[in-house]
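A.B. asks: My questions all concern the structure below.
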Amino acid sequence: MLREAYCPSCGRQPVVKYPNNKPVADFFCVGCSEEYELKSKNGLVGNKIVDGAYRTMLEKILLETAPNFLFLNYDPQNLKVNNFFVIPKHFFTTEVVEKRKPLSPTARRAGWVGCNILLKNIPASGKIHLIRDGVIQPQEDVTSTWRKTLFLRGQSIEKKGWFIDIMNCIEKLQLKTFTLSDVYQFEKELALKHPLNKHIRDKIRQQLQMLRDRNYLEFTGKGTYSCLRE
Ligand SMILES: [Zn+2]
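Residue numbers for the sequence shown follow this note's numbering, so the first one is 84 and each next one is one higher.
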């Protein structure tokens, strides 16, 4: 199945497997050099993906060296792929990584601390489905959604965190169009997350403008915004 998978970034090339001794990632694209790590799970997708060492993942996030994640979820009964999605690496922030309990003293790797990737902290635009509920999604949608959030790359952890926080707030609204005051509902929640910021409303307004300037949102006039997301 993966032999036929195209690169979700450029859509031009298939992804190629790295030799087994290459620890960086599992797959790469010869066209655009994006790297992918593959995770798979049977049964339901759930809210978490089990990942490797906690410290290593945090380091990768801070240094922006984490690969993109390809996540394959299949039905073990008939070996059918239910969901296949990619999390672009620019969606990895410290909030997405959950520390697991250290392995027990009797374990072979006693004291080792792993981590989980928390899917619920990643907005929908950061979980780009190539296959959703068994249905293959148009390739054009995949690559255009990928491009839409590329502006997150190279941003500081703090700036990226704010963008993703606001994307998550907008998503929680579940509205086609929304106003500034709709997003102000999250003022308290955001203040708890960013205790040093004393001007949350100003920040919300600024972030919406920035998301609009980056074509993530559209300003539809009369103070309403709409999502350009598929
Ligand atoms: Zn590519």
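Note that CB positions come from ideal geometry on N, CA and C, so glycine has one too.
Would you call the segment 206-218 and the segment 269-288 in contact, with 3 or more CB pairs under 8 Å?
C.D. replies: Because the criterion of three Cβ pairs below 8 Å is not met, the segment 206-218 and the segment 269-288 do not touch.
A.B. asks: Can you name, in chain order, every residue of its own chain whose Cβ lies under 6 Å from the Cβ of T307, other than the five neighbours on each side?
C.D. replies: Stepping through the sequence shown from its first residue, residue 307 is reached at position 224. Counting only Cβ-Cβ distances below 6 Å, and skipping sequence neighbours, we find T260, T262.
A.B. asks: Identify whether V169 lies in helix, strand or coil by the three-state DSSP scheme.
C.D. replies: On the sequence shown, residue 169 is found 86 positions in, with the first residue counted as 1. Note: V169 maps to strand in three-state DSSP.
A.B. asks: Give, in chain order, every unbroken run of the alpha helix (DSSP H) that is at least 4 residues long and sits entirely within the segment 241-312.
C.D. replies: Entirely contained in the segment 241-312, the alpha helix (DSSP H) runs reaching 4 residues are, in chain order, 263-267, 270-276, 283-296.
A.B. asks: Within 10 angstroms of the Cβ of G209, are there 16 or more other Cβ atoms? Answer buried if so, exposed if not.
C.D. replies: As a first step, residue 209 must be located in the sequence shown, where it is residue number 126. So G209 counts as buried.
A.B. asks: Taking the alpha carbon of R95 as the reference point, which residue from A108, G114, H173 has its own alpha carbon closest?
C.D. replies: Translated into positions along the sequence shown, residue 95 becomes position 12. Out of A108, G114, H173, G114 has the C-alpha closest to the C-alpha of R95.
A.B. asks: What do you reckon, are the CB atoms on L235 and K243 nearer than 8 Å?
C.D. replies: By 1-based counting over the sequence shown, the position of residue 235 is 152. By 1-based counting over the sequence shown, the position of residue 243 is 160. Yes.
A.B. asks: Are P102 and A88 closer than 8 Å when you measure CB to CB?
C.D. replies: Here residue 102 refers to the residue found at position 19 when the sequence shown is read from its first residue. Here residue 88 refers to the residue found at position 5 when the sequence shown is read from its first residue. In this structure, A88 does not lie closer than 8 Å to P102 by Cβ.
A.B. asks: Ignore the nearest five residues each way along the sequence and tell me which others in C112's own chain have a CB closer than 6 Å to its CB.
C.D. replies: Taking the sequence shown and counting its residues from 1, the one referred to as residue 112 is at position 29. Taken in chain order, the residues that qualify are C90, Q96, V98.
A.B. asks: In its own chain, which residues sit with a C-beta less than 7 Å from the C-beta of K77, not counting the 5 before and 5 after it?
C.D. replies: A query on residue 77 cannot be resolved here, the shown segment of the chain reaching from 84 to 313 and no further.
A.B. asks: Assuming F168 and I211 make a contact with CB atoms under 8 Å, what is their CB distance in whole Å?
C.D. replies: The count along the sequence shown starts at 1 and reaches residue 168 at position 85. The count along the sequence shown starts at 1 and reaches residue 211 at position 128. Confirmed, Cβ separation roughly 6 Å.
A.B. asks: By how many angstroms is the C-alpha of L145 removed from the C-alpha of K184?
C.D. replies: Mapped onto the sequence shown, residue 184 falls at position 101. Mapped onto the sequence shown, residue 145 falls at position 62. Roughly 22 Å separates the two Cα atoms.
A.B. asks: When you compare only the Cα positions, how much space is there between Y119 and S92?
C.D. replies: Taking the sequence shown and counting its residues from 1, the one referred to as residue 119 is at position 36. Taking the sequence shown and counting its residues from 1, the one referred to as residue 92 is at position 9. Going from the Cα of Y119 to the Cα of S92 covers about 11 Å.
A.B. asks: If I follow the unbroken alpha helix (DSSP H) through I144, where does it start and stop?
C.D. replies: Taking the first residue of the sequence shown as position 1, residue 144 is located at position 61. Element bounds for I144: 137-146.
A.B. asks: Between which two residues does the beta strand (DSSP E) containing S116 stretch?
C.D. replies: The residue given as residue 116 occupies position 33 in the sequence shown. Unbroken run through S116: none, as it is neither H nor E.
A.B. asks: Applying the 10 Å Cβ sphere with the 16-neighbour rule, what's the burial state of Q160?
C.D. replies: Along the sequence shown, one-based indexing puts residue 160 at 77. The residue in question, Q160, is exposed, as its Cβ has fewer than 16 Cβ neighbours within 10 Å.
A.B. asks: Nearest CA to the CA of E254: which residue from I132, P188, C310?
C.D. replies: The count along the sequence shown starts at 1 and reaches residue 254 at position 171. The shortest C-alpha separation from E254 is found at C310.
A.B. asks: Verify the contact flag: S227, CB atom, against every heavy atom of ligand 1, threshold strictly below 7 Å.
C.D. replies: Reading the sequence shown from its first residue, position 144 is the one you call residue 227. Flag unset: Cβ of S227 not near ligand 1.
A.B. asks: If you draw a straight line from the alpha carbon of K231 to that of N298, how long is it in whole angstroms?
C.D. replies: As a position in the sequence shown, residue 231 is number 148, starting the count at 1. As a position in the sequence shown, residue 298 is number 215, starting the count at 1. Each residue's alpha carbon lies about 7 Å from the other.
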